[in-house]
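As numbered in my numbering, residues 196 to 338 make up the sequence shown, in order. Note that beta-carbon positions come from the ideal geometry of N, C-alpha and C, so glycine has one too. Everything on this sheet refers to the single structure shown next.
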Amino acid sequence: MRVDFYQLTSDPAEQVLPLIARNTLAAGERLLVVSDDEAQLRRVGEALWTRLPETFLANGRAGTAHDERQPILLSDAPEPANGAKFMALADGVWREGAFERVFLLFPPARIDDARGCWRMLGTREGVERRYWRQDGGKWKEGP
Numbered sequence: 196m197r198v199d200f201y202q203l204t205s206d207p208a209e210q211v212l213p214l215i216a217r218n219t220l221a222a223g224e225r226l227l228v229v230s231d232d233e234a235q236l237r238r239v240g241e242a243l244w245t246r247l248p249e250t251f252l253a254n255g256r257a258g259t260a261h262d263e264r265q266p267i268l269l270s271d272a273p274e275p276a277n278g279a280k281f282m283a284l285a286d287g288v289w290r291e292g293a294f295e296r297v298f299l300l301f302p303p304a305r306i307d308d309a310r311g312c313w314r315m316l317g318t319r320e321g322v323e324r325r326y327w328r329q330d331g332g333k334w335k336e337g338p
């Protein structure tokens, strides 16, 4: 499993997720977006429809009709009813799941939790960790 840690210093998760979703779909994968915050999930859903007007990022809420057909499914639980192998944790809270790739997006207020998660995942076999930070509006890998 690969885990990408995204430290959100300039943009909130709902502004970053359309880029991640676009790249996920371009790779032929489906995405599960998870957050316990209902309002955040609404903002994410809206941003997926409007943030990148040149890209069609169809999405739907878990528990509604046709979950299995959604390329991007928004949920409060790490249960990929759409068959997603990629999961984005929009609220910065780590959740266990059987995914090939996980995007952990965390604001400055959750940096200690993210560090603890980084250390915990470092003890696991078969986990590749990457850290991304915003630099002048662009994402750069590294410390």
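Per-residue burial, residue i [other beta carbons within 10 Å of its own, 16 or more giving buried]
i: Ala208; result: buried
i: Thr318; result: exposed
i: Val322; result: exposed
i: Gln230; result: For the record, residue 230 in the displayed sequence is Ser; it is not Gln. Counting Cβ neighbours within 10 Å, Ser230 comes out buried, since at least 16 surround it.
i: Ala216; result: buried
i: Pro248; result: exposed
i: Phe349; result: Any property of residue 349 remains undetermined from this structure, which presents the chain solely from 196 to 338.
i: Phe137; result: Residue 137 falls outside the range modelled here, since the chain spans only 196 to 338, and no answer is possible.
i: Asn218; result: exposed
i: Pro338; result: exposed
i: Pro275; result: buried
i: Pro266; result: buried
i: Pro213; result: buried
Residue i vs residue j beta-carbon contact at 9 Å
i: Gly223; j: Leu269; result: no
i: Leu226; j: Ala279; result: yes
i: Met196; j: Arg290; result: no
i: Asp271; j: Glu233; result: yes
Sequence-distant residues of its chain with Cβ nearer than 7 Å to residue i (five each side left out)
i: Leu300; result: Tyr201, Leu203, Ala208, Val211, Ala283, Leu284, Ala285 and Gly287
i: Leu316; result: Val198, Val322 and Arg324
i: Ala221; result: none
i: Phe294; result: Met196, Lys280, Phe281 and Met282
i: Gly292; result: Pro273 and Met282
Beta-carbon proximity list for residue i, same chain, < 6 Å, skipping 5 on both sides
i: Thr334; result: Inspection of the sequence shows that residue 334 is occupied by Trp rather than by Thr. The residues are Trp327.
i: Pro302; result: Leu203
i: Arg305; result: Gly287
Residues near residue i by beta carbon distance below 8 Å, same chain, minus five either side
i: Gln235; result: Ala208, Glu209, Ala285 and Asp286
i: Trp313; result: Phe200, Arg324 and Tyr326
* To do: For the segment 309 to 325 and the segment 242 to 256, state whether three or more C-beta atom pairs, one from each stretch, are separated by less than 8 Å.
  => Too few Cβ pairs lie closer than 8 Å, so no.
* Asked: If you scan the segment 270 to 295 from start to end, which runs of the alpha helix (DSSP H) of 4 or more residues do you find wholly inside it?
  -> none
* **Secondary structure, beta strand (DSSP E): runs of 3+ residues fully inside the segment 216 to 258** => 226 to 229 and 254 to 256
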